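Chains as they are written, first to last, in our numbering: chain A, 1 to 297; chain B, 1 to 297; chain C, 1 to 297; chain D, 1 to 297. Glycine included, every Cβ here is placed at the ideal spot set by N, Cα and C. All of these numbers come straight from a predicted model, not from anything done at the bench.
4 protein chains.
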Amino acid sequence: MNAGFIGLGNMGQPMARNLLKAGHNVTVYNRTRIRAEELRPEGARVAESAADACRGDALITMLADDRALEEIFFGAANLVSALGPNTVHISMSTISVALSRRLAETHAKAGQAYVSAPVFGRPDAAAAAKLFIVTAGASEAIERCRPLFDALGQKTFVLGPDAPAANVVKLAGNFLIASVLESLGEAVALVRKSGIDPARFLDFLTSSLFTAPVYKTYGAIIVQEKYHPPGFKAILGLKDVRLALAAAEAAAVPMPLASLVRDHLLTAIARGQGDLDWSVVARVSAENAGLKTDADY
Amino acid sequence: MNAGFIGLGNMGQPMARNLLKAGHNVTVYNRTRIRAEELRPEGARVAESAADACRGDALITMLADDRALEEIFFGAANLVSALGPNTVHISMSTISVALSRRLAETHAKAGQAYVSAPVFGRPDAAAAAKLFIVTAGASEAIERCRPLFDALGQKTFVLGPDAPAANVVKLAGNFLIASVLESLGEAVALVRKSGIDPARFLDFLTSSLFTAPVYKTYGAIIVQEKYHPPGFKAILGLKDVRLALAAAEAAAVPMPLASLVRDHLLTAIARGQGDLDWSVVARVSAENAGLKTDADY
Amino acid sequence: MNAGFIGLGNMGQPMARNLLKAGHNVTVYNRTRIRAEELRPEGARVAESAADACRGDALITMLADDRALEEIFFGAANLVSALGPNTVHISMSTISVALSRRLAETHAKAGQAYVSAPVFGRPDAAAAAKLFIVTAGASEAIERCRPLFDALGQKTFVLGPDAPAANVVKLAGNFLIASVLESLGEAVALVRKSGIDPARFLDFLTSSLFTAPVYKTYGAIIVQEKYHPPGFKAILGLKDVRLALAAAEAAAVPMPLASLVRDHLLTAIARGQGDLDWSVVARVSAENAGLKTDADY
Amino acid sequence: MNAGFIGLGNMGQPMARNLLKAGHNVTVYNRTRIRAEELRPEGARVAESAADACRGDALITMLADDRALEEIFFGAANLVSALGPNTVHISMSTISVALSRRLAETHAKAGQAYVSAPVFGRPDAAAAAKLFIVTAGASEAIERCRPLFDALGQKTFVLGPDAPAANVVKLAGNFLIASVLESLGEAVALVRKSGIDPARFLDFLTSSLFTAPVYKTYGAIIVQEKYHPPGFKAILGLKDVRLALAAAEAAAVPMPLASLVRDHLLTAIARGQGDLDWSVVARVSAENAGLKTDADY
Numbered sequence: 001m002n003a004g005f006i007g008l009g010n011m012g013q014p015m016a017r018n019l020l021k022a023g024h025n026v027t028v029y030n031r032t033r034i035r036a037e038e039l040r041p042e043g044a045r046v047a048e049s050a051a052d053a054c055r056g057d058a059l060i061t062m063l064a065d066d067r068a069l070e071e072i073f074f075g076a077a078n079l080v081s082a083l084g085p086n087t088v089h090i091s092m093s094t095i096s097v098a099l100s101r102r103l104a105e106t107h108a109k110a111g112q113a114y115v116s117a118p119v120f121g122r123p124d125a126a127a128a129a130k131l132f133i134v135t136a137g138a139s140e141a142i143e144r145c146r147p148l149f150d151a152l153g154q155k156t157f158v159l160g161p162d163a164p165a166a167n168v169v170k171l172a173g174n175f176l177i178a179s180v181l182e183s184l185g186e187a188v189a190l191v192r193k194s195g196i197d198p199a200r201f202l203d204f205l206t207s208s209l210f211t212a213p214v215y216k217t218y219g220a221i222i223v224q225e226k227y228h229p230p231g232f233k234a235i236l237g238l239k240d241v242r243l244a245l246a247a248a249e250a251a252a253v254p255m256p257l258a259s260l261v262r263d264h265l266l267t268a269i270a271r272g273q274g275d276l277d278w279s280v281v282a283r284v285s286a287e288n289a290g291l292k293t294d295a296d297y
Numbered sequence: 001m002n003a004g005f006i007g008l009g010n011m012g013q014p015m016a017r018n019l020l021k022a023g024h025n026v027t028v029y030n031r032t033r034i035r036a037e038e039l040r041p042e043g044a045r046v047a048e049s050a051a052d053a054c055r056g057d058a059l060i061t062m063l064a065d066d067r068a069l070e071e072i073f074f075g076a077a078n079l080v081s082a083l084g085p086n087t088v089h090i091s092m093s094t095i096s097v098a099l100s101r102r103l104a105e106t107h108a109k110a111g112q113a114y115v116s117a118p119v120f121g122r123p124d125a126a127a128a129a130k131l132f133i134v135t136a137g138a139s140e141a142i143e144r145c146r147p148l149f150d151a152l153g154q155k156t157f158v159l160g161p162d163a164p165a166a167n168v169v170k171l172a173g174n175f176l177i178a179s180v181l182e183s184l185g186e187a188v189a190l191v192r193k194s195g196i197d198p199a200r201f202l203d204f205l206t207s208s209l210f211t212a213p214v215y216k217t218y219g220a221i222i223v224q225e226k227y228h229p230p231g232f233k234a235i236l237g238l239k240d241v242r243l244a245l246a247a248a249e250a251a252a253v254p255m256p257l258a259s260l261v262r263d264h265l266l267t268a269i270a271r272g273q274g275d276l277d278w279s280v281v282a283r284v285s286a287e288n289a290g291l292k293t294d295a296d297y
Numbered sequence: 001m002n003a004g005f006i007g008l009g010n011m012g013q014p015m016a017r018n019l020l021k022a023g024h025n026v027t028v029y030n031r032t033r034i035r036a037e038e039l040r041p042e043g044a045r046v047a048e049s050a051a052d053a054c055r056g057d058a059l060i061t062m063l064a065d066d067r068a069l070e071e072i073f074f075g076a077a078n079l080v081s082a083l084g085p086n087t088v089h090i091s092m093s094t095i096s097v098a099l100s101r102r103l104a105e106t107h108a109k110a111g112q113a114y115v116s117a118p119v120f121g122r123p124d125a126a127a128a129a130k131l132f133i134v135t136a137g138a139s140e141a142i143e144r145c146r147p148l149f150d151a152l153g154q155k156t157f158v159l160g161p162d163a164p165a166a167n168v169v170k171l172a173g174n175f176l177i178a179s180v181l182e183s184l185g186e187a188v189a190l191v192r193k194s195g196i197d198p199a200r201f202l203d204f205l206t207s208s209l210f211t212a213p214v215y216k217t218y219g220a221i222i223v224q225e226k227y228h229p230p231g232f233k234a235i236l237g238l239k240d241v242r243l244a245l246a247a248a249e250a251a252a253v254p255m256p257l258a259s260l261v262r263d264h265l266l267t268a269i270a271r272g273q274g275d276l277d278w279s280v281v282a283r284v285s286a287e288n289a290g291l292k293t294d295a296d297y
Numbered sequence: 001m002n003a004g005f006i007g008l009g010n011m012g013q014p015m016a017r018n019l020l021k022a023g024h025n026v027t028v029y030n031r032t033r034i035r036a037e038e039l040r041p042e043g044a045r046v047a048e049s050a051a052d053a054c055r056g057d058a059l060i061t062m063l064a065d066d067r068a069l070e071e072i073f074f075g076a077a078n079l080v081s082a083l084g085p086n087t088v089h090i091s092m093s094t095i096s097v098a099l100s101r102r103l104a105e106t107h108a109k110a111g112q113a114y115v116s117a118p119v120f121g122r123p124d125a126a127a128a129a130k131l132f133i134v135t136a137g138a139s140e141a142i143e144r145c146r147p148l149f150d151a152l153g154q155k156t157f158v159l160g161p162d163a164p165a166a167n168v169v170k171l172a173g174n175f176l177i178a179s180v181l182e183s184l185g186e187a188v189a190l191v192r193k194s195g196i197d198p199a200r201f202l203d204f205l206t207s208s209l210f211t212a213p214v215y216k217t218y219g220a221i222i223v224q225e226k227y228h229p230p231g232f233k234a235i236l237g238l239k240d241v242r243l244a245l246a247a248a249e250a251a252a253v254p255m256p257l258a259s260l261v262r263d264h265l266l267t268a269i270a271r272g273q274g275d276l277d278w279s280v281v282a283r284v285s286a287e288n289a290g291l292k293t294d295a296d297y
């Protein structure tokens, strides 16, 4: 397929590379052009402008946040008008439900296809094409883009026709991961302060009831206090929890556990740890329990 | 081996049965004698008194709570003095860390072996000998009792010499499960109120990031709102969270997520739902979001 | 003095009336013109447009929220350019710290004076000229406007030169009131469920340690469950708590009690009680305790 | 009147002294006898044993906690049997509702009068006879003891015939004070981090909406960070919040704000600040916001 790809950050660049590897023709664009040029040897066409990436079968956006996407779609570049009549916009970034709703309405008015397709997975999963992709939108458009999804992830889940629903699921999923971090942080603090080796505790957990990878991956980081280098920074974690709380507030759904995680992320950020892995919420629990922590990094 | 078994409730009776099946000689005792008699056809010897069950290689206690165990050990029956010199006391109930500490000290003073060995698993896992067992105590005593553990569970984890540590791990583990219930409850409320089919949401979760059985089992209960019959009642869940908070308070460890779960369990109980499965905390989240719930049972 | 007044809602209209009573020349503007016309018999000049109210010694804005103020200042009306060179903009609405900051910068660039002067008090206090006014901005501008403040409130507090600081204080103050509501709600639930007459409990409190009016006023509402008619609606309370949380997040300050109040306000709103007085958070505590409440209104 | 007085700590000793000043005959007892001897020059009779203090018109107990009172009433001393037939037991310590219930039942069975009369006020208020006293029990017994209450406090509040109700009110009142500490702590952290002088903020608050002494007293401590010397230690504050939570749990009343205060008190204690004034919860908020605090004491 012919695809445009805007946003070549830690996630976007390996994703675009996987599309190239799978044989797709990819036109890439990034505000900082060097990230785009890095893909030229692998066959990418480097776009001169964002609009220049909007004329294939699909345009994938993988930008940092709402603001970046808004600027490109509703700002000077005005991609809504640049988008080809048969180009599906696939929004894969983690954005707010409200912005996804606005995009859905804007594209619908312009007669354009819009698929929301946020992903689960850290940069290493993106590089290994092991992402989990949650899609929502017109099923015809989703099916048309399936070869792209197949090149990016290990599993593509089709949710239904309402595109913003995929964003809700993405935010709810991230909230569940954040909850695991908080619960592990508190449990490990209790265990450590009771004189038990936290590595043995984790070993037991992950070989019995909590076999899911999320417990193994984050459990190891927390037990070893290896919050650097970050797989996903605390400041980004806060952004996602904020988006979950905003979606929940708009729907009048109290989420006290999300509020709790938010407060612990804020504490970590206030203490200058915003650039560490977001599992650093566990260090907040440790510090609140008076435990010594390896706060030098 | 020759083993006594005191406490034949929903968990204890199938556990004693599995010991018999494995060929051990088991002397059973239960306050309500009929539960003991039910095991006679399967080869159990029915004790006339609690003390009567204390003279084998090991005595397993599997009682409802601290009070039941205290009454039998420190009350009129005074099992500490009844216990044979070579009989290991294996405490398998979920009890407080403080009581486990007291038992450890009492048995040590009396020159008796004490192994703390709480279990993870619901009654069906007990019946299938699929429990996870966390043991702590003198390693020689644990090894001596291993044939009993092998007959009861799928995996026996040895933590170390300090018996009460096993109780900390048990309470920390239950706290982690409770955290899963709370997080699923909030996420499902958000998803439902956003017009998304919660069954599809759960299907995605458990086939991607959250593959652990605890998400599958409880996720299904929450999505279907099948809180009856209970696998583990809300009032018992509250007891365990209370024990976790007490252990944490004694160690000066704040556990705000445990406090949150406690408050939601209390809400369910205040609304007359204490005998439903403890995953009913998810209904509290649903009700707080103004969702209609299937509150008739 | 010659003053413009934009925004004649439940608070604004009685405030403008008090300026007229005190002998000031007031030009009033309101989107729904009838609210402005109601003040004509009392001597007000009714402006034809918002810009028409911007040419006196001062322009007071008392609008519903950020959006209303943004529309009038940065939208089509563009009051920044309409404002006379010697007209002080006095912003008295409860707005976000971020918007106040933006106004401060915009006015500074345009060489205009900006005073932030949010008020404490419900509509009856506004009518009785008993408001408490917190001002911040250039002290010369504040002093120039003092005759206006004197006509509106019982006390004007000067905070300092940084205008948005007054908005922080307003939001922090409202948070403290909200905290009183939450704490009274929980305490009254405990007392009621313990079989104690809550009116006697309140009587004791307010005649001993908690003599402040806020305990008397809200305590009586909560004890009598008279959430209708509202003095300040739950949906507006949620707005203010949200603004406090946003200001705190921008400053990296976790405020878990604000999060808790937010969640209880959301619960009340989710249950269709958003138009009741914001002290209805106490009913959430009552319902969570399984108490019967007078939920018919 | 002839009164016995057991428990001469920071509160008890000045209270006993006030009884003497008012002309009552007081027999005092304290485990550490020196505290009793100190009152001899002021006219106190020093008892040889606790039982020795039980034969007047009334016996006042003002002990540290449940355990101290239990030991003296149900332990070796067995005051229930020592109590004279016409001696009213006035329990003035802050004890659990459950123990107060047990005392009420025990005294009723023995045909003895029991009045629960916990007090509000710090040691300086005790010395100045400015305590607030909440009483419950048989009204005849309360009236008989009124001369004692008049010598101890500025106001005696009669709640009703059910003695433990006074303990509920005491715990609910302390919870309300703790809530003020928490809310002030969070608000001051926000204000400080926004660059506002917290003293000016407090000045505004306490001269407008929050005129109650509790805001003035604790606000000053928090703004000046003068947590030493303590008026009421954090470890005692935790005890009282724990008792409130226990009473609430027994009545199935969730109190999330009490849980929050508990967690912040635990954090302060875990950081070695348990002997500071309980308003040190405000320092936890400051530390969580990344503010520098005066943690050297």
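- Look at Ala22 of chain D here: in three-state DSSP terms it is coil, with no helix or strand label.
- In its chain, beyond the 5 residues on either side, Asp294 have a beta carbon closer than 6 Å to the beta carbon of Glu225 of chain D.
- Beta-carbon to beta-carbon, Leu190 of chain D and Ala251 of chain C are separated by about 7 Å, close enough to satisfy the 8 Å threshold.
- A direct Cα-Cα distance of roughly 22 Å separates Phe232 of chain A from Ala212 of chain B.
- Using beta-carbon distances, Asp277 of chain C does not count as an interface residue toward chain A, since no partner is under 8 Å.
- Listed in chain order, the beta strand (DSSP E) elements of length 3 or more contained wholly in the region 145 to 172 of chain B are 153 to 160.
- Per DSSP, the continuous alpha helix (DSSP H) segment holding Phe74 of chain D begins and ends at 66 to 74.
- In the three-state scheme derived from DSSP, where H, G and I count as helix and E and B as strand, Lys233 of chain A is classed as strand.
- In this structure, Trp278 of chain C and Leu148 of chain C do not form a Cβ contact; the two beta carbons are roughly 28 Å apart against a cut-off of 8 Å.
- Residue environment for Lys170 of chain A: buried (at least 16 other C-beta atoms within 10 angstroms of its C-beta).
- Residue environment: Glu140 of chain C is assigned as exposed (fewer than 16 neighbouring CB atoms within 10 Å of its CB, all protein chains considered).
- Residues of the region 238 to 253 of chain D with a C-beta less than 8 Å from any C-beta of chain C: Ala244, Ala247, Ala248, Ala251, Ala252, Val253, listed in chain order.
- CA-CA distance, Gly290 of chain C to Ala258 of chain B, rounds to 21 Å.
- In the structure shown, the three-state DSSP call for Ser100 of chain B is helix.
- Take the alpha-carbon of Val46 of chain D and the one of Ile60 of chain D: they are about 14 Å apart.
- Between Gly219 of chain A and Leu205 of chain A, the C-beta gap is smaller than 8 Å, which places the two residues in contact.
- Fewer than three Cβ pairs drawn from the region 5 to 13 of chain D and the region 265 to 282 of chain C lie within less than 8 Å of each other, which leaves the two stretches out of contact.
- Below the 8 Å Cβ cutoff, chain C contributes Pro256, Ser259, Leu260, Arg262, Asp263 as neighbours of Ser259 of chain A, in chain order.
- With its beta carbon less than 8 Å from one in chain B, Arg271 of chain C belongs to the interface.
- Here Ser81 of chain A is exposed. Its C-beta has fewer than 16 other C-beta atoms within 10 Å.
- The beta-bridge partner set that DSSP reports for Asn288 of chain A is empty.
- Going by C-alpha positions, Ala50 of chain A is about 58 Å away from Lys130 of chain B.
- Between Ser96 of chain A and Leu63 of chain A, the CB-CB gap reaches or exceeds 8 Å.
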